[in-house]
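Residue numbers (my numbering): 18 to 895.
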RNA sequence: GGGCGGAUAGCUCAGUCGGGAGAGCGCAGCCCUUACAAGGCUGAGGUCGCAGGUUCGAUCCCUGCUCCGCCUACCA
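In structure tokens, the structure reads:
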């Protein structure tokens, strides 16, 4: 025992094993292996990122799956990697450059990119190092980055094919523009924030209307009312001449369904240049676009006297000016949601510009069908509804970004004839006229490349062995927050280019919150750092905690130190169970031991282990990580440690024969060994450490590549479980008396047992075991009578009289019995009521009725025994 | 506006064939019993958000309501 510490030390163990696994190549998959493939691509974290709880959860679940499958004999591949996070890198470098007093535009494109790469080389590896600390068994030899040469080729191939099929186009449209990032954003990249605003009612000649953006008044090219709004029918079609802050303007009134007649005055101003709805209205009615706010967020020359003014400053000024001219009817406070940039939280400005778009409808139709037909299974199923809803209402996807870090759009413009050419290879001259060309300056949305991730990481567009073997991937594990951003787009692009789904299952997991249920954010300062947690409690405990929190369908979970601590204790429990086994192995001989007949305890724990195997496998198959973890916890602690280890002490410490001891050693070692394998995907480090120390025959050199336990029908032993149940009941009943009578655990109790006929043989056989577990001296006698000064324990039909002579407390025993009788009486009343209703007896299934009858009988017998005991005391025999 | 999730022990949460509800932590009592005090044994604690309905029987299924959270949307 001297060579194994009495507490588990996670740090040393974790540092020892990961490098061993990686160096021995256990993580690497071989596409040529003659095993059934099982593959996962890791949702690529941002290259700018460091490990947060979301990553930790996501990767723990994937690691559990991949380790299980690997142990189970599958050709298991887990592809890791990172994405280039275009906007995030820009935000980060912009900030850096600002501290140096410069900007990216001053630096120039090439120098900026050089700097970005430099940054990526230096800091981009942070998260992958942290994933190793978590124990992630991914195939690092296949690590990919979205801007790798191969993946960049995939992006270009995808772009060209979509262009050739007319699924990519370039058009003027109103887009979400971030004036700070100086780029367009996709609809999904705009977040909503509730803000207080002023709802300004402006007089437009005979009409009055409310707006929260008075500054866009300068860009108005129309007014609109609802077609069936009788109040305004006379004005529809008219062009009004009305006074405004910059003189009189001509403005046309149109009728459009988009107007809500019940909101405000029922009239809206139409500003096609600065509002998506107005843009659509303008299109329908031929109203011109008038851009009064520029890409820099400042008023343009068209804003006349306000030109050059910041848009928010202009809002204030224009209201003041209008008030001075009597054009403001009234101002009301108003709370509404404004769109902000998801990266920098700047208020987005809708602006008209020419961008590249993906025509999503045809792609989405196929992706919807794949889920409807079950070729992609979303788990939990409820999420497929959300998926359908979004996919069915999908809008075209703006994929160009006015940024530099990313995949540059493979389109060239001829400076001579103005033609556009999309090409797989870089162009130096116009293919039609030979004139000079210029490449489009913009890059593609990062999600465009991550949308190709499942195929591009496996080698697409080449038909590689990896692609043939591992595509479609088996399961995608991710949080619901990127269901649209990523999952939906992978489904569309994967089906488009591979003509097959990118993954068969999608497991959507929870998001992790802090102990107060708050979303974690740096500004709130409530970010739980997984590395800190791992350091304090151990990585295995952390992983196990995450697994227990993973209930399919639950949206958010909270993580707290208390919870992690309890699983650290679990790891320690396991450690000490192994320590117990290891310190009792002198003289152990596996081959001889295997020939000895198992005891009741041996048969019982083997049967229970088998049940645990079935529960864990079944739960994992259904992605019920919490259930799998609970089954492991319950088996290991409640059954193996609390009962089997305690029972094994008898044959180990005081064997009736050498064989008995040998057999206990054998069961202890083999069940523990199996438990470690069953636990390994959840707690890889501690299980490896302990497994290495256990004696084994014909085992591989690491638990990682050992077989995952299989359920064995012949291990199931109903009679052992029933008999153990009786022993446990009796022991527990005796202990309860000890506990409630406040008798020291150190004292040995004298107990007379009068077994029920069906328990006689068993209790004769297990007498020493009951004595050991209950710390008692037993007299088993079917004809026993109750000794004076004793308390009664009941286990089924068996009675046990606990000798309390000397320590007897009549009042306490009476109180205890009265409480028990009360409980029994309540149950009896309930069951009698239930069984007394003819409807129940007639309509309920026969086995339910039978079960309730049996319960009633049992409870009645118990009550009778307790009542007899009480009167026995009252007679003064206590 | 539409959609989704949640409401169960003091706290955090499980409970997927509808048959008197469980865990962890916390709490109380007795214990350093030779694996483990990061532990052992015992115990207290719940009208399963509210109101109806279906059913012999509802935490579970249906309807409505209240409160919390999230997603989504062209009410400016």
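All C-beta atoms, glycine included, are put in the ideal place defined by N, C-alpha and C. Here the structure is a predicted model, which is why all the values come from computation and not from measurement.
- Counting other Cβ atoms within 10 Å of its Cβ, residue 549 stays below 16 and is therefore classed as exposed.
- In the three-state reduction of the DSSP assignment, residue 169 falls in the helix class, which pools H, G and I.
- Between the region 518-528 and the region 564-573, the count of Cβ pairs shorter than 8 Å is three or higher; the stretches touch.
- Fully contained in the region 301-353 are the following alpha helix (DSSP H) runs of length 4 or more, in chain order: 328-341.
- In the three-state DSSP reduction, residue 379 falls in the helix class (H, G or I).
- For the pair residue 815 and residue 780, the CB atoms are nearer than the 8 Å cut-off.
- When rounded, the separation of the alpha-carbon atoms in residue 791 and residue 742 is 15 Å.
- Judged by DSSP secondary structure, residue 667 falls within the alpha helix (DSSP H) whose first and last residues are 663-670.
- The DSSP-derived three-state label of residue 258 is strand.
- Close CB contacts of residue 845 within its chain, under the 8 Å cut and outside five residues either way in sequence, are with 873, 876, 877, 880 (chain order).
- Residue 406: member of the alpha helix (DSSP H) spanning 399-409, first to last residue.
- For the pair of segments examined, the region 128-137 was found to touch the region 410-427: the number of CB pairs separated by less than 8 Å reaches three.
- Inter-residue distance for residue 756 and residue 784 is about 21 Å (C-alpha atoms, whole angstroms).
- An exposed status is given to residue 835, since fewer than 16 other beta-carbon atoms sit within 10 Å of its beta-carbon.
- Contact between residue 582 and residue 559 does not hold, since their C-beta atoms are separated by about 11 Å, which reaches or exceeds 8 Å.
- Measuring C-alpha to C-alpha distances from residue 499 to each of 612, 407, 589, 25 identifies 407 as the nearest.
- Going by DSSP, residue 526 is part of the beta strand (DSSP E) stretching over 520-526.
- Collapsing the DSSP output to three states places residue 361 in coil.
- Residues 630, 691, 694, 695 of the same chain have their beta carbon placed closer than 6 Å to that of residue 726, with the five preceding and five following residues left out of the count.
- Using a Cβ distance threshold of 8 Å, residue 175 and residue 469 count as a contacting pair.
- Residue range 463-467 is occupied by the alpha helix (DSSP H) that includes residue 467.
- Boundaries of the alpha helix (DSSP H) around residue 650: 642-650.
- When the beta-carbon positions are compared, residue 664 and residue 618 come within less than 8 Å of each other.
- DSSP places residue 76 in the uninterrupted alpha helix (DSSP H) bounded by 70-88.
- Less than 8 Å separates the beta-carbon of residue 380 from that of residue 184.
- In this structure, residue 96 and residue 217 do not form a Cβ contact; the two beta carbons are roughly 54 Å apart against a cut-off of 8 Å.
- Of the residues 704, 699, 679, the one whose Cα lies closest to the Cα of residue 689 is 704.
- For residue 63, there is no enclosing alpha helix (DSSP H), as DSSP marks it with neither H nor E.
- The beta strand (DSSP E) runs of length 3 or more contained entirely in the region 725-771 are, from start to end of the chain, 766-771.
- At a Cβ-Cβ threshold of 8 Å, residue 464 and residue 502 count as neighbours.
- Here the C-alpha atom of residue 578 lies approximately 41 Å from the C-alpha atom of residue 168.
- Residue 370 has 190 as its beta-bridge partners, per DSSP.
- Short of 7 Å from the beta carbon of residue 436, and not among the five residues preceding or following it, lie these beta carbons of its own chain, in chain order: 447, 449.
- Residue environment analysis places residue 557 among the buried positions, since at least 16 neighbouring C-beta atoms fall within 10 angstroms of its C-beta.
- Put simply, the backbone Cα of residue 458 is about 7 Å away from that of residue 426.
- In the three-state reduction of the DSSP assignment, residue 806 falls in the coil class, being assigned neither a helical nor a strand state.
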